[in-house]
Amino acid sequence: MSENVLQSDEYNFRIFSGQGDFEGFPSVLRAGQGAPDFSATLLETGQPVRLSDYWRQWDLVVEFGSFT
Amino acid sequence: MARTYADRGFLFLFVYVREAHPGEHYGAHRTMEDKLACARAFREQLAIERPILVDDLQGTAHRLYGLLPNMTYVIARGGRVLFRSDWTDPPTLELLLNYYLNTRQQRRAGARLTPFYAEFISYRVNDRQQFIERLKIAGPQAVDDYLHMVQIWAQQAPPEE
Chain A
1 MSENVLQSDE
11 YNFRIFSGQG
21 DFEGFPSVLR
31 AGQGAPDFSA
41 TLLETGQPVR
51 LSDYWRQWDL
61 VVEFGSFT
Chain B
69 MARTYADRGF
79 LFLFVYVREA
89 HPGEHYGAHR
99 TMEDKLACAR
109 AFREQLAIER
119 PILVDDLQGT
129 AHRLYGLLPN
139 MTYVIARGGR
149 VLFRSDWTDP
159 PTLELLLNYY
169 LNTRQQRRAG
179 ARLTPFYAEF
189 ISYRVNDRQQ
199 FIERLKIAGP
209 QAVDDYLHMV
219 QIWAQQAPPE
229 E
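Chains A and B, in that order, are what the protein sequence lines are.
Throughout the first sequence, residue numbering follows the numbering used here, covering 1 to 68 in sequence.
Throughout the second sequence, residue numbering follows the numbering used here, covering 69 to 229 in sequence.
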């Protein structure tokens, strides 16, 4: 199994047990710093986009989440 | 809220990450197809109009921003983080956006403004019953796993003075 699949299984947990480090959140990134750029799939088109494609033109409000 | 602030220059985006409470109906993503299907269900059943950016299966974007289940970020044009919160709370966000709009107006009026760093604790309404009702969408396992953690957290909580 490739490393990516192993990491993916750990990241995509099957049982909720309070995952997520709330106490560590302040040290991940700070207001005032540059936002990390990343690539993602735009659901509407299925095409890859980068977050920087959007911040080039707009101020952004970005919510992270899932259906559950 | 997205519509209200759209014509004032704010674009609202949703980044779809791992399922926070996987269950029988919406489970942990095993493939990118799983993730896209869950994201589509989310969009259709909750009538989401914002663009949805689906993170990769390994959670690359999620890791960069803090790995929490429902964070909000405000990022200025050009890419600077203006605001970040470890939960999403519309009243808090509204407060912040109005503040930034006001700052913009002041600048346009010629005020000389300098940024400075601040932190604050915000409060959100926490309706546990409503939350459990929403978890049922994921499936009974999601409810059971959450209630199990509620018991564990109650045992871990420091005694009240």
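All C-beta atoms in this analysis are idealised placements derived from N, C-alpha and C, irrespective of residue type, glycine included.
Computed from a predicted model, the values in this text were never measured in an experiment.
Among the candidates the options, whose CA atom is the shortest distance from the CA of residue i?
i, options, result
"residue 101/B", "91/B, 124/B, 81/B", "124/B"
"residue 62/A", "70/B, 134/B, 166/B, 140/B", "140/B"
"residue 196/B", "211/B, 160/B, 186/B", "211/B"
"residue 68/A", "168/B, 144/B, 114/B, 142/B", "114/B"
"residue 27/A", "199/B, 164/B, 152/B, 207/B", "152/B"
"residue 191/B", "104/B, 167/B, 155/B", "155/B"
"residue 222/B", "13/A, 18/A, 14/A", "18/A"
"residue 148/B", "13/A, 64/A, 37/A", "37/A"
"residue 180/B", "121/B, 126/B, 187/B, 171/B", "171/B"
"residue 186/B", "25/A, 14/A, 15/A, 30/A", "30/A"
Pull up the distance between the alpha-carbon of residue i and that of residue j, whole angstroms please.
i, j, result
"residue 132/B", "residue 80/B", "19 Å"
"residue 227/B", "residue 215/B", "20 Å"
"residue 129/B", "residue 225/B", "32 Å"
"residue 72/B", "residue 58/A", "15 Å"
"residue 84/B", "residue 34/A", "21 Å"
"residue 217/B", "residue 8/A", "23 Å"
"residue 204/B", "residue 182/B", "48 Å"
"residue 1/A", "residue 11/A", "Bear in mind that a pLDDT of 48 at residue 1/A, under 50, signals an unreliable position, so the number given afterwards is only what the model happens to contain. One C-alpha to the other measures close to 15 Å."
"residue 87/B", "residue 158/B", "21 Å"
"residue 209/B", "residue 109/B", "19 Å"
"residue 174/B", "residue 74/B", "20 Å"
"residue 96/B", "residue 134/B", "19 Å"
"residue 49/A", "residue 40/A", "6 Å"
"residue 53/A", "residue 23/A", "31 Å"
"residue 64/A", "residue 82/B", "6 Å"
"residue 166/B", "residue 184/B", "18 Å"
"residue 104/B", "residue 160/B", "30 Å"
"residue 150/B", "residue 199/B", "29 Å"
"residue 163/B", "residue 32/A", "18 Å"
"residue 69/B", "residue 120/B", "16 Å"
"residue 56/A", "residue 220/B", "45 Å"
"residue 16/A", "residue 207/B", "12 Å"
"residue 77/B", "residue 118/B", "14 Å"
"residue 66/A", "residue 94/B", "10 Å"
So if DSSP puts residue i in a beta bridge, which residue, or which two residues, is it bridged to?
i, result
"residue 153/B", "140/B"
"residue 82/B", "63/A, 120/B"
"residue 34/A", "148/B"
If you reduce the DSSP assignment to three classes, tell me which class residue i lands in.
i, result
"residue 129/B", "helix"
"residue 28/A", "helix"
"residue 187/B", "coil"
"residue 59/A", "strand"
"residue 177/B", "coil"
"residue 148/B", "strand"
"residue 48/A", "strand"
"residue 41/A", "strand"
"residue 8/A", "helix"
"residue 114/B", "coil"
"residue 227/B", "coil"
"residue 208/B", "helix"
"residue 89/B", "coil"
"residue 1/A", "Per-residue confidence for residue 1/A stands at a pLDDT of 48, beneath the threshold of 50, marking its modelled position as unreliable; no derived number is given."
"residue 104/B", "helix"
"residue 135/B", "coil"
"residue 166/B", "helix"
Does any C-beta atom of chain C lie closer than 8 Å to the C-beta of residue i?
i, result
"residue 7/A", "Chain labels in this structure do not include chain C; the protein chains are A and B."
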